[in-house]
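K.L.:
Residue numbers (this note's numbering): 15 to 361.
Every residue, glycine too, gets a C-beta built ideally from N, C-alpha and C.
Nothing here was measured: the structure is a model prediction, and the numbers come from that model.
Supplied in structure tokens, the structure appears directly below.
The following block contains the structure:
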């Protein structure tokens, strides 16, 4: 004979505890409990986010694009913090200028990320420098933005010139240096952009930054089993050589001058001037001069015991571009139509 066990009823103690909570907090008890858990989670996250790695002075970090801008500033910060910094510079002048203002632990090497031979030589040099320690971190910072403008104005080589640096360079550096990073169970920090979330310009820049985002995500999921962290830096608009107005306007004139008469006529004689005026307005309105907002994110990605997957640097990234990236595509399309000039022969 089989007997079915009657379902157990809540214990009197449990009912009393629940009733006590309701009596203490009132009708909004679950709201208060949820808020408490959220605050507790946030406090724990802040504490975890503040923890740093140990033995910094024994760790090597390789940074690309160190002649100026973010890379140059980051090298100085990491050098002062005690890291053994290996700086990849494109020019002799950039390397010499950096060495003059850094400590004796910082070393430089000439590096062209568009050349696999140059990358390979830099890796062999790095291998001798780091020895059995391996490479704790690599920061793929080298990049270029120009040419940038309406897609129809570009030639195929205009796309390639940017992709070779921003996309192929990041992939080439990462895959070549990966054995050294794997040895140290270290960090890969790839510099993308908010324009890797929202494609707001024609040319190779947005394409390359979308590629960096995708490459980093795939890589992170593939190699996390080996204790390697892959971090993505997504800066907003900052005042660097990349956002300097003179080169941007010079490139726009070059692109315009190479167009056929038929294409020029479809846009109209005044389109170029209007487009440049919009570029000036945007750059002057949103470009931040405080580069440390970006390098602080890079530094955290290298030094934190629990680095974040993504870092958004700049007020425009947090308040404009990142929220826009979650919007329907039509919202961004309409926004850009309202900002950018209209071709004279548009339908």
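#1: Classify residue 9 as helix, strand or coil using the three-state DSSP reduction.
#2: Output yes or no for whether 8 Å exceeds the beta carbon distance between residue 355 and residue 289.
#3: Work out the CA separation of residue 164 and residue 269 for me, nearest whole Å.
#4: Alpha helix (DSSP H) containing residue 222: first to last residue?
#5: How big is the Cα-Cα spacing for residue 105 and residue 130?
#6: For residue 353 and residue 292, I'd like the C-alpha separation in whole angstroms.
#7: In the DSSP output, what is residue 66 paired with across the bridge?
#8: Can you check the segment 276-359 for any alpha helix (DSSP H) of at least 4 residues that lies completely inside it and give the ranges in chain order?
#9: Residue 326 to residue 111, Cα distance in whole Å?
#10: Would residue 98 be called buried (16 or more neighbouring beta carbons within 10 Å of its own) or exposed?
#11: Cβ atoms of residue 148 and residue 179: under 8 Å apart, would you say?
#12: For residue 322, collect the residues of the same chain with a Cβ closer than 8 Å to its Cβ; drop the 5 residues on either side in sequence, then sort them by chain order.
#13: For residue 133, which option in 86, 159 and 77 has the closest C-alpha, if you only look at C-alpha atoms?
#14: Under a Cβ-count criterion, where at least 16 other Cβ atoms within 10 Å of its own Cβ denotes burial, should residue 329 be classed as buried or exposed?
#15: Can you say whether residue 215 is buried or exposed, counting buried as having 16 or more other CB atoms within 10 angstroms of its CB?
#16: Can you give me the C-alpha to C-alpha distance between residue 279 and residue 331, rounded to a whole angstrom?
#17: For residue 271, count neighbouring C-beta atoms within 10 Å of its own C-beta (all shown protein chains included) and say buried if the count is 16 or more, exposed if not.
#18: Where do the ends of the beta strand (DSSP E) carrying residue 124 lie?
#19: By alpha-carbon positions, which one of 152, 296, 116 and 57 ends up nearest to residue 79?
#20: Do you know how far the Cα of residue 49 is from the Cα of residue 349?
#21: Does DSSP put residue 58 in a helix, in a strand, or in coil?
#22: If we require 3 or more residues per run, which beta strand (DSSP E) segments fall completely within the segment 84-112?
#23: Classify residue 46: buried if its beta carbon has 16 or more other beta carbons within 10 angstroms, exposed otherwise.
#24: Please list, in chain order, all residues of the same chain as residue 16 whose beta carbon is under 6 Å from its beta carbon, the five residues on each side excluded.
#25: Is residue 129 near the ligand NAP, judged by its Cβ being under 7 Å from some heavy atom?
#26: Determine the contact status of residue 335 and residue 218, defining contact as a CB-CB distance below 8 Å.
#27: From which residue to which residue does the alpha helix (DSSP H) around residue 271 run?
#28: If I follow the unbroken alpha helix (DSSP H) through residue 188, where does it start and stop?
#29: Could you give the DSSP three-state label for residue 201: helix, strand or coil?
#30: My output table needs one value for residue 78: the three-state DSSP class, helix, strand or coil.
#31: Buried or exposed for residue 340, going by 16 or more other Cβ atoms inside 10 Å?
#32: Can you name the start and end residues of the alpha helix (DSSP H) that residue 152 belongs to?
P.N.:
Checking against the coordinates, here is how it stands:
#1: Residue 9 cannot be examined here, being either before or after the span of the chain that is shown, 15 to 361.
#2: yes
#3: 9 Å
#4: 218-237
#5: 17 Å
#6: 7 Å
#7: 318
#8: 285-300, 306-317, 336-339 and 343-353
#9: 29 Å
#10: buried
#11: no
#12: 63, 245, 314 and 315
#13: 77
#14: exposed
#15: buried
#16: 36 Å
#17: exposed
#18: 121-124
#19: 152
#20: 36 Å
#21: helix
#22: 98-103
#23: exposed
#24: Bear in mind that the predicted position of residue 16 carries a pLDDT of just 47, short of 50, making it unreliable; the figure below should be weighed with that in mind. No residues qualify anywhere along the chain.
#25: Judged by which ligands are present, the structure shown has none, so any question about the ligand NAP falls away.
#26: no
#27: 259-271
#28: 183-198
#29: strand
#30: strand
#31: exposed
#32: Looking at the DSSP string, residue 152 is not in any alpha helix (DSSP H); the run it does join, the beta strand (DSSP E), is 151-154.
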